[in-house]
Amino acid sequence: MALAALLWEMVRLWWSFTNGAVLMVFAAAGGLWLAVFYLSDRKKNRDRWQQAGRDVIVVHCLSPGRFTPNTSPFVMKLLTFLRLARLPHLVDHEEPFGPKGKTPWITLNGEDFTDSHLIIEMLSDQYNIDLTNSLTAEQRAAAKAFTVMIDEHVCWCLRAWRFGEDGGSNLKEGLSLPFYKRLLFPLFVREQRTALWHQGVGRHSHAAVRAMMKEDLLALSKYLGDKPFLMGDTACAVDCSMFAFLANILYNYNRSPYYAVVNEELVNLRQYVERLKSQLWPDWDECLASP
Amino acid sequence: MLEAVVEGWWWWWQNGRVATAAVVLLAFGVISVKRYVAKKNRRRRWAAVGKDVVVVHGLGKGRRTPNLSPFVLTLETYLRLAKIPYQMDYEEPFGPKGQSPWITLNGQEMGDSQLIIQMLGRRFGKDFTASLTKEQKGAARAFNMMVTEHLAWGFRLWRWVENKGRLMLQEMDRVPFIVRLLMPLKRRQIFKSLYFQGIGRHSAEEVHDIIERDLAAISFYLGDKPFLMGSDLCEVDCALFGSLAQIMWNYSGSPYETMVKVKYPNLKEYVLRVKETLWPDWDQCLKRPKMS
Numbered sequence: 047m048a049l050a051a052l053l054w055e056m057v058r059l060w061w062s063f064t065n066g067a068v069l070m071v072f073a074a075a076g077g078l079w080l081a082v083f084y085l086s087d088r089k090k091n092r093d094r095w096q097q098a099g100r101d102v103i104v105v106h107c108l109s110p111g112r113f114t115p116n117t118s119p120f121v122m123k124l125l126t127f128l129r130l131a132r133l134p135h136l137v138d139h140e141e142p143f144g145p146k147g148k149t150p151w152i153t154l155n156g157e158d159f160t161d162s163h164l165i166i167e168m169l170s171d172q173y174n175i176d177l178t179n180s181l182t183a184e185q186r187a188a189a190k191a192f193t194v195m196i197d198e199h200v201c202w203c204l205r206a207w208r209f210g211e212d213g214g215s216n217l218k219e220g221l222s223l224p225f226y227k228r229l230l231f232p233l234f235v236r237e238q239r240t241a242l243w244h245q246g247v248g249r250h251s252h253a254a255v256r257a258m259m260k261e262d263l264l265a266l267s268k269y270l271g272d273k274p275f276l277m278g279d280t281a282c283a284v285d286c287s288m289f290a291f292l293a294n295i296l297y298n299y300n301r302s303p304y305y306a307v308v309n310e311e312l313v314n315l316r317q318y319v320e321r322l323k324s325q326l327w328p329d330w331d332e333c334l335a336s337p
Numbered sequence: 074m075l076e077a078v079v080e081g082w083w084w085w086w087q088n089g090r091v092a093t094a095a096v097v098l099l100a101f102g103v104i105s106v107k108r109y110v111a112k113k114n115r116r117r118r119w120a121a122v123g124k125d126v127v128v129v130h131g132l133g134k135g136r137r138t139p140n141l142s143p144f145v146l147t148l149e150t151y152l153r154l155a156k157i158p159y160q161m162d163y164e165e166p167f168g169p170k171g172q173s174p175w176i177t178l179n180g181q182e183m184g185d186s187q188l189i190i191q192m193l194g195r196r197f198g199k200d201f202t203a204s205l206t207k208e209q210k211g212a213a214r215a216f217n218m219m220v221t222e223h224l225a226w227g228f229r230l231w232r233w234v235e236n237k238g239r240l241m242l243q244e245m246d247r248v249p250f251i252v253r254l255l256m257p258l259k260r261r262q263i264f265k266s267l268y269f270q271g272i273g274r275h276s277a278e279e280v281h282d283i284i285e286r287d288l289a290a291i292s293f294y295l296g297d298k299p300f301l302m303g304s305d306l307c308e309v310d311c312a313l314f315g316s317l318a319q320i321m322w323n324y325s326g327s328p329y330e331t332m333v334k335v336k337y338p339n340l341k342e343y344v345l346r347v348k349e350t351l352w353p354d355w356d357q358c359l360k361r362p363k364m365s
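Quick mapping for you: the protein sequence lines, in order, are chains L and S. Using the working numbering, the first residue of the first sequence is number 47, and each one after it goes up by one. Using the working numbering, the first residue of the second sequence is number 74, and each one after it goes up by one.
The structure is reproduced here in structure tokens:
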């Protein structure tokens, strides 16, 4: 007890003698140490990615999901494209958010690229990949329109259910989050709701969003018909977007009204997902997070 | 001089505070009552237009296009296509939930041009895609979404960020000083929306490139057909016309104007064709109507 009291006295004395300057020095030293640690960590990451090899694409994204290899449809879209185009790649989870704050992003031969559709365009140009060369100009244009509809509208309507109506619970079930990330999850949900409001979809009633989403799914089903892939007999970039979002509905949106639409009503969409999954993701189960 | 000011202020502090507060409250009350009465009068006027007549509320006319907003122009074009009688109102451009444009129909209010078009289609039994194949119906929806959810954002970025709203303000008549003052705030809000949507995170050149690819797709799909889906107009043509007409006439100096007029000239021909078909009285609908 006496020792404790003595120690306490010493601390009090030290506290009364030190002033803000010493405290600031300690804080600065701590900050500097953290910065050095962070920067050296980032440098180690960069070296590791460099070692991946020439022309090996390093895809940076969040950790795998429990029901889909990734809960972000844009990551799924990019990975599906890399598999379709048979481009060597590996996945990295250290720094999921890249330049412009977006995910996924890639590093290729030391250079960074962001935004999944810009990445796909860049890779197609660089490696002379043209999956639409058997299509007419009109068909290619339609493929582009569908890609935009999926990436810019279906995406937001799904987000409106995921974060607006469902508050992120279905998503949380699909993720394998460590304890401290679970605590921060509500903040993330709030940020997404703000984004939804700014984009516009978040200002509609839930019923209106559901109606819009059903129109989009109906359009996809009508255009697909009984073809194996959206544009015909061979898969192309639009199929990567379509597969990513529809697979997301089937595996991560099971409480949403869209699950029944894709699973039961628009059966050709469900069959389409199963077809692409068996063709491009035969190792689907190995890519999932352990429960 | 300073002493007089201080004395005057002191006199007011001693004697005038209550009177000033009363005057301010009275003024506030009078203004509120006047606004309320005006609002009620407007609604009475709108209700008197007749059954099944749509009252479209939006921002004012432009000097080169009947409206500066692509969504109002889309809605008006659709009403003309569907031959639904309508009247324009520019007094209350923002609706009860802040949307613009919005409509009043038989006493009911509704916002969002796309939702309005769908509602009117159901109500008046108009479906301009009925004769299309299933595939074409799907494609029409996809192109409609491309215009409203992608092109619209790219154009918005040019109008408000790259051009800083200058051309827009020039086209508006009698811009109240307070609007000019609050313009930076409005621009900031739009900038934030653009960032959250995603397109605002790219550089201007990247956005031009992204939008050009969309315009190229529309141009290739249109080909040498008279309208996007074939020989007849449909809903997607209204959305496309609403946006492209803005580019043709209200985006002078932007790269998009060159794309529509020069690089993909079938788009320019298309806009003129829709204008001739649905807006034969275009010149009379402008702010300073050109009398033929």
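Yeah, the Cβ is synthetic: ideal placement off N, Cα and C, and Gly gets one too.
Flag Asp287 of chain S as yes if its beta-carbon sits less than 8 Å from any beta-carbon of chain L, otherwise no. yes
With a threshold of 16 other CB atoms inside 10 Å of the CB of Pro224 of chain L, please say whether the residue is buried or exposed. exposed
Cα separation between Arg94 of chain L and Lys148 of chain L? 21 Å
So which residues on chain S does Met4 of chain L lean against when the C-beta distance must stay under 9 Å? The question about residue 4 of chain L has no answer, for chain L in this structure spans 47 to 337.
Give the straight-line distance between the Cα atoms of Arg253 of chain S and Gln262 of chain S, rounded to the nearest whole angstrom. 15 Å
List, from N- to C-terminal side, the alpha helix (DSSP H) runs of 4 residues or more that fit wholly inside the segment 215 to 261 of chain S. 225 to 230, 239 to 244
Ala241 of chain L to Ser266 of chain S, Cα distance in whole Å? 8 Å
Inter-residue Cα distance where the pair is Ala335 of chain L and Pro174 of chain S: 47 Å
Starting from Tyr226 of chain L, follow the alpha helix (DSSP H) in both directions and report where the run begins and ends. 225 to 245
If you measure between the beta carbons of Gly271 of chain S and Pro143 of chain S, is that distance less than 8 Å? no
I want to verify the contact list: residues of chain L whose CB lies under 9 Å from the CB of Phe188 of chain S, in sequence order. Residue identity differs from the one stated: residue 188 of chain S is Leu in this sequence, not Phe. The answer, in chain order, is His250, Ala254, Ala257, Met258.
What residues from chain L crowd round Ala277 of chain S, counting only those whose CB sits closer than 7 Å? Residues of chain L passing the Cβ test: none, with the nearest at roughly 14 Å.
Under three-state DSSP, which class holds Ser365 of chain S? Unreliable positioning characterises Ser365 of chain S in this predicted model, as indicated by a pLDDT of 47, which lies under 50. A coordinate reading is not provided.
Output yes if chain A places a C-beta closer than 8 Å to the C-beta of Ser266 of chain S; else output no. Protein chains L and S are contained in the structure displayed, whereas chain A is not.
Helix or strand or just coil, what does DSSP make of Thr177 of chain S? strand
Looking at Leu340 of chain S and Val347 of chain S, is the spacing between their C-beta atoms short of 8 Å? no
Buried or exposed, going by whether 16 or more other CB atoms sit within 10 Å of the CB of Gln319 of chain S? buried
The segment 209 to 220 of chain L: which residues have C-beta closer than 9 Å to a C-beta of chain S, in chain order? none
Can you list, in chain order, the residues of its chain with a C-beta nearer than 7 Å to that of Val220 of chain S? Leave out the 5 residues immediately preceding and following it. Ala312, Leu313, Ser316
With contact counted as at least three CB pairs below 8 Å, one residue from each stretch, are the segment 294 to 303 of chain L and the segment 117 to 130 of chain L in contact? yes
Closest to Val247 of chain L by C-alpha separation, out of S:Phe216, S:Gln187, S:Asp287, S:Arg90, would be which residue? S:Gln187
Figure out for me which residue from S:Asp310, S:Gly238, S:Glu349 has the closest Cα to the Cα of Asn323 of chain S. S:Gly238
Should Ala293 of chain L and Leu177 of chain L be called a contact, given that it needs their Cβ atoms to be closer than 8 Å? no
On a Cα-Cα basis, can you pick out the residue from L:Ala183, L:Leu233, L:Cys203, L:Leu217 that is closest to Met258 of chain L? L:Cys203
Take Glu222 of chain S as the anchor and find which of S:Asp162, S:Asp287, S:Ser204, S:Lys112 has the nearest alpha-carbon. S:Asp287
Tell me, which residues are paired with Tyr159 of chain S by DSSP? S:Val127
Output the boundary residues of the alpha helix (DSSP H) element that contains Ile283 of chain S. 277 to 295
Would you mind sorting Lys268 of chain L into buried or exposed? The rule is 16 or more other CB atoms within 10 Å of its CB. buried
Using a beta-carbon distance cut-off of less than 8 Å, what residues from the segment 285 to 296 of chain L approach chain S? none
Counting only beta-carbon atoms, is Tyr299 of chain L nearer than 8 Å to chain S? no
Between L:Gln238, L:Phe72, L:Arg208, L:Pro110, which lies nearest to Trp330 of chain L when the distance is taken from Cα to Cα? L:Pro110
Pick from L:Leu326, L:Asp197, L:Val284, L:Glu141: whose alpha carbon is nearest that of Leu108 of chain L? L:Glu141
Among L:Ala74, L:Leu85, L:Leu125, L:Tyr84, nearest to Cys286 of chain L - alpha-carbon criterion: L:Leu125
At a CB-CB cut-off below 7 Å, which residues of chain L make contact with Gly296 of chain S? Glu184
Residues in its own chain within less than 6 Å of Val105 of chain L by CB, not counting five upstream and five downstream? His135, Val137, Pro150, Ile152
Report the residues of the segment 120 to 138 of chain L with a CB closer than 7 Å to any CB of chain S, ordered along the chain. none
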